[in-house]
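Report on the structure given below.
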Amino acid sequence: MFKRFSVDEHVGDFYRKMLDTAARERLTSYLARSLVNAPKPMQTRAIANFTKCDPHYGRRVQEKVAALTQQKKRTASPAKLNPPRKSFVAAPPSDHMAPRL
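Each step along the sequence shown adds one to the number in UniProt numbering, with nothing skipped, and position 36 is 36.
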């Protein structure tokens, strides 16, 4: 008899059975660092996919994304780093700027 497996089952088995605790931490940290700058809908969808694979997997990624987001908010600059400048205006020509031959 042939048993069908979903992609989620394979990923969940890999996460639970193949990775040790340190490898799981590295994987979830890497994914969280990648997702922290992504748009919120993309983060939500990715975390939902990780949760389908393994609830612990999705929860760890979500916790780390939340922690990185909080850290990012704390270190944000209070003012713009590069304020707008006045546009360039060329100096009008004058007699004393002409080259002397």
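No residue lacks a Cβ here, since even glycine has one placed at the ideal position from N, Cα and C.
Check                                                                                                                                            : Outcome
Tell whether a beta-carbon distance below 8 Å holds between V61 and A90.                                                                         : no
Where do the N-terminal and C-terminal ends of the alpha helix (DSSP H) with F50 fall, by residue?                                               : K40 to C53
Based on Cα-Cα distance, which residue from R85, P92, T69 and D8 lies nearest to P39?                                                            : T69
If you measure from the CB of K72, is any heavy atom of the ligand HEM nearer than 7 Å?                                                          : In the structure shown, the ligand HEM is absent, as is every other ligand, since no ligand is present at all.
In three-state terms, what does DSSP make of F14?                                                                                                : helix
Tell me, to the nearest whole angstrom, how far the beta carbon of D8 is from that of C53; I am working on the premise that it is less than 8 Å. : 5 Å
Once the 5 residues before and after E63 are set aside, which same chain residues still bring their CB inside 6 Å of it?                         : none
Go to R85, then tell me how far its alpha helix (DSSP H) extends in each direction, as first and last residue.                                   : Note, R85: premise wrong, no alpha helix (DSSP H); not H, not E.
I'd like to know whether the C-beta atoms of Y15 and Y57 end up nearer to each other than 8 Å.                                                   : yes
L35 and V65 look like a contact to me (Cβ under 8 Å); what is the Cβ gap, rounded to whole Å?                                                    : 5 Å
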